[in-house]
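Here's the structure we're looking at; comments come further down.
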Amino acid sequence: MISVIRGEILDIDAQSLVVDVSGVGMCVNVLPTCVQKKHKGDDCFLYTSLIVREDSLTLYGFEDVQERRVFDILQSVSGIGPRIALAVLAVYTPAILKKEVKASNVAALQKVSGIGKKGAQRLLLELDNKLDFISSDIPDENNAIVSDPVSSDVIEALTGLGWSVEDAEDAYREVALKNGGADTSTLLRLSLQELGKRR
């Protein structure tokens, strides 16, 4: 089992990093929030989970050991594989996921791509009490996403067009998580598209 890796970042794309580990370039699938913070040449340390399949070995990396633990716990739920587990953590930090599970919020889990109503209900049932180890004091990175200068410009533009602050922030958060590094005009356009879907 590969539990952690450390090395220089050789390449970055929207969903993964290539990390030089003692001369070997290891491709690691990571969260959008991780991609946003990294640059080629940076030294990188990640907690990892290796998923072994008959025809593949896939490495997933996390900046926080609790994220990795939640990733592994999510996969213990029937019908949830690594792709959906990563999608859950792309939408919710461990602390917020714990909060939504405790509140039995089916609608919140349905916001994750690939999870329908039955899947959300199954998650709530099977995750009950499995997330109690998560500290409620973990920083809420989802809220941090809407506190930078780019987000302020986008949210101000959206509210100027008549959307509520809550709706504007929610839409911006959704697209920013999936499009790390995009410029203001792109994020504004994508946020408008996201809001249009919700009408």
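Numbering (the working numbering), first residue to last: 2 to 200. For each residue, glycine too, the CB sits at the ideal point set by N, CA and C. None of these values were measured; they are calculated from a predicted model.
Applying the criterion that 16 or more other CB atoms from any shown protein chain within 10 Å of the CB defines a buried residue, is residue i buried or exposed?
i: aspartate 184; result: exposed
i: glutamate 68; result: buried
i: leucine 178; result: buried
i: methionine 27; result: buried
i: valine 25; result: exposed
i: phenylalanine 72; result: buried
i: valine 176; result: buried
With distances taken Cα to Cα, identify the nearest neighbour of residue i among the options.
i: leucine 126; options: Leu193, Gly26, Val36 and Lys99; result: Lys99
i: phenylalanine 46; options: Glu195, Glu9, Val155 and Leu124; result: Glu9
i: phenylalanine 63; options: Gln194, Ala121, Ala91 and Ser57; result: Ala91
i: valine 19; options: Ile74, Gln76 and Asp43; result: Asp43
i: proline 83; options: Leu128, Leu60 and Ser105; result: Leu60
i: alanine 96; options: Ala121, Ile85, Arg70 and Lys119; result: Arg70
i: alanine 15; options: Ser4, Ser23, Gly24 and Val29; result: Val29
i: threonine 94; options: Asp65, Ala108, Asn130 and Ala104; result: Asp65
i: lysine 38; options: Ser17, Ile74 and Val53; result: Ser17
i: lysine 103; options: Ile52, Met2 and Ile135; result: Ile135
i: lysine 41; options: Ile52, Asp21 and Arg54; result: Asp21
i: glutamate 170; options: Ser186, Asn180 and Leu196; result: Leu196
i: lysine 198; options: Asp168, Ser186 and Asn180; result: Asp168
i: alanine 86; options: Val36, Lys131, Leu32 and Asp133; result: Leu32
Excluding sequence positions up to five away, which residues of its chain have a Cβ less than 8 Å from the Cβ of residue i?
i: valine 78; result: Arg123, Leu124, Glu127 and Leu128
i: tyrosine 173; result: Ile146, Val147, Ser152, Val155, Ile156, Leu159, Leu188 and Ser192
i: serine 206; result: In the structure as shown, the chain starts at 2 and stops at 200, and residue 206 therefore has no counterpart that could be examined.
i: serine 23; result: Gly8
i: serine 105; result: Leu125
i: valine 166; result: Ile156 and Thr160
Using a Cβ-Cβ cut-off of 7 Å (strictly less than) and excluding sequence neighbours within five positions of residue i, which residues of its own chain qualify?
i: glycine 120; result: Gly80
i: valine 89; result: Leu75, Leu98 and Val113
i: leucine 51; result: Met2, Ile3, Leu58 and Leu60
i: isoleucine 13; result: Val36, Lys39 and Lys41
Sorted by chain position, which residues of the same chain lie with C-beta nearer than 6 Å to residue i's C-beta, five sequence neighbours on each side aside?
i: glutamate 101; result: Ala109
i: arginine 7; result: Phe46
Original post:
Below 8 Å, can you find three or more Cβ-Cβ pairs linking the region 103 to 115 to the region 159 to 167?
Top reply: Note that the region 103 to 115 does not touch the region 159 to 167; fewer than 3 beta-carbon pairs, one per stretch, sit closer than 8 Å.
**OP:** For the region 25 to 97, list the alpha helix (DSSP H) runs that are entirely contained and at least 4 residues long, ordered along the chain.
**Re:** Counting only runs of 4 or more, we get 33 to 38, 66 to 75 and 83 to 92.
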